[in-house]
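Trainee: My questions will all concern the structure given below.
Residue numbers (the working numbering): -19 to 91.
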(Lines of atoms letter the chains of each structure in order from A and count residues from 1; the text may use other names and numbers.)
(Lines give C-alpha, C1' and ligand atoms only; values in the text may rest on other atoms or scores of the structure.)
Protein backbone atom coordinates (compact mmCIF):
# COMPACT_ATOMS: atom_id res chain seq x y z
CA UNK A 1 0.00 0.00 0.00
CA UNK A 2 2.87 2.36 0.74
CA UNK A 3 4.23 1.80 -2.79
CA UNK A 4 0.83 2.75 -4.26
CA UNK A 5 0.84 5.97 -2.26
CA UNK A 6 4.38 6.76 -3.37
CA UNK A 7 3.49 6.08 -7.02
CA UNK A 8 0.39 8.26 -6.76
CA UNK A 9 2.40 11.06 -5.17
CA UNK A 10 5.07 10.88 -7.89
CA UNK A 11 2.36 10.90 -10.57
CA UNK A 12 0.81 14.04 -9.05
CA UNK A 13 4.19 15.73 -8.77
CA UNK A 14 5.00 14.92 -12.39
CA UNK A 15 1.63 16.26 -13.58
CA UNK A 16 2.08 19.42 -11.52
CA UNK A 17 5.59 19.92 -12.90
CA UNK A 18 4.34 19.46 -16.46
CA UNK A 19 1.48 21.91 -15.88
CA UNK A 20 3.81 24.55 -14.41
CA UNK A 21 6.27 24.10 -17.27
CA UNK A 22 3.48 24.55 -19.81
CA UNK A 23 2.18 27.64 -18.01
CA UNK A 24 5.39 29.41 -17.03
CA UNK A 25 7.81 27.91 -19.52
CA UNK A 26 6.36 29.58 -22.62
CA UNK A 27 7.29 33.11 -23.59
CA UNK A 28 4.27 35.34 -24.03
CA UNK A 29 4.07 38.62 -25.91
CA UNK A 30 1.85 41.11 -24.19
CA UNK A 31 0.13 44.02 -25.86
CA UNK A 32 2.06 46.89 -24.30
CA UNK A 33 -0.20 49.40 -26.08
CA UNK A 34 -3.41 48.09 -24.51
CA UNK A 35 -5.83 50.85 -23.54
CA UNK A 36 -5.95 49.83 -19.89
CA UNK A 37 -2.17 50.20 -19.62
CA UNK A 38 -2.36 53.74 -20.98
CA UNK A 39 -5.16 54.58 -18.53
CA UNK A 40 -3.11 53.29 -15.61
CA UNK A 41 0.00 55.18 -16.73
CA UNK A 42 -2.00 58.37 -17.04
CA UNK A 43 -3.63 57.83 -13.66
CA UNK A 44 -0.32 57.48 -11.83
CA UNK A 45 1.69 60.00 -13.83
CA UNK A 46 1.25 62.74 -11.21
CA UNK A 47 1.94 60.51 -8.20
CA UNK A 48 5.26 61.35 -6.63
CA UNK A 49 7.51 58.59 -5.47
CA UNK A 50 7.56 57.97 -1.75
CA UNK A 51 10.77 59.14 -0.14
CA UNK A 52 12.61 56.44 1.68
CA UNK A 53 13.75 57.34 5.13
CA UNK A 54 16.73 55.40 6.39
CA UNK A 55 16.25 52.66 8.95
CA UNK A 56 17.85 53.66 12.24
CA UNK A 57 19.69 51.54 14.78
CA UNK A 58 16.97 52.41 17.31
CA UNK A 59 14.27 51.05 14.99
CA UNK A 60 16.21 47.81 14.52
CA UNK A 61 16.69 47.45 18.28
CA UNK A 62 12.99 48.08 18.99
CA UNK A 63 11.89 45.52 16.38
CA UNK A 64 14.38 42.90 17.54
CA UNK A 65 13.18 43.39 21.12
CA UNK A 66 9.68 42.31 20.03
CA UNK A 67 10.84 38.99 18.56
CA UNK A 68 10.39 35.70 20.40
CA UNK A 69 13.62 34.49 21.98
CA UNK A 70 13.72 30.83 21.01
CA UNK A 71 11.84 30.82 17.71
CA UNK A 72 13.52 29.04 14.78
CA UNK A 73 17.07 30.33 14.36
CA UNK A 74 17.87 32.84 11.67
CA UNK A 75 19.71 31.83 8.47
CA UNK A 76 23.02 32.35 10.28
CA UNK A 77 21.87 29.88 12.96
CA UNK A 78 21.57 32.39 15.82
CA UNK A 79 18.43 32.57 17.94
CA UNK A 80 16.70 35.89 18.62
CA UNK A 81 17.70 35.66 22.28
CA UNK A 82 21.32 36.29 21.27
CA UNK A 83 20.52 38.82 18.53
CA UNK A 84 18.75 40.90 21.20
CA UNK A 85 21.81 40.84 23.42
CA UNK A 86 24.38 41.47 20.67
CA UNK A 87 23.37 45.13 20.56
CA UNK A 88 26.68 46.08 18.95
CA UNK A 89 25.43 44.38 15.76
CA UNK A 90 22.20 46.39 15.56
CA UNK A 91 23.87 49.35 13.83
CA UNK A 92 25.40 47.00 11.24
CA UNK A 93 21.99 45.44 10.62
CA UNK A 94 20.45 48.89 10.10
CA UNK A 95 23.27 49.76 7.69
CA UNK A 96 22.73 46.56 5.70
CA UNK A 97 18.94 47.03 5.59
CA UNK A 98 19.50 50.50 4.14
CA UNK A 99 21.90 49.09 1.55
CA UNK A 100 19.31 46.46 0.58
CA UNK A 101 16.67 49.17 0.11
CA UNK A 102 19.02 51.18 -2.12
CA UNK A 103 19.97 48.20 -4.27
CA UNK A 104 18.22 44.84 -3.98
CA UNK A 105 21.23 43.32 -5.73
CA UNK A 106 23.07 43.65 -2.41
CA UNK A 107 20.80 41.12 -0.71
CA UNK A 108 22.70 37.86 -0.07
CA UNK A 109 21.26 34.66 -1.51
CA UNK A 110 20.72 33.10 1.93
CA UNK A 111 18.14 35.79 2.76
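Note that CB positions come from ideal geometry on N, CA and C, so glycine has one too.
How do the region 49 to 60 and the region 17 to 31 stand: do at least 3 beta-carbon pairs fall below 8 Å, yes or no?
Mentor: no
Trainee: Evaluate the contact criterion for the region 61 to 76 versus the region 29 to 48: three or more CB pairs, one atom per stretch, below 8 Å.
Mentor: yes
Trainee: Quick one: using the 10 Å Cβ neighbour count with 16 as the cut-off for buried, is residue 10 buried or exposed?
Mentor: exposed
Trainee: Does the beta-carbon of residue -10 have 16 or more other beta-carbons within 10 angstroms, so that it is buried, or is it exposed?
Mentor: Counting the other CB atoms within 10 Å of its CB gives residue -10 a total below 16, which places it among the exposed residues.
Trainee: By the three-class DSSP mapping on this structure, what secondary structure does residue 8 have?
Mentor: coil
Trainee: If we ignore side chains and look at the alpha-carbon of each, how far apart do residue 67 and residue 58 end up?
Mentor: Going from the Cα of residue 67 to the Cα of residue 58 covers about 14 Å.
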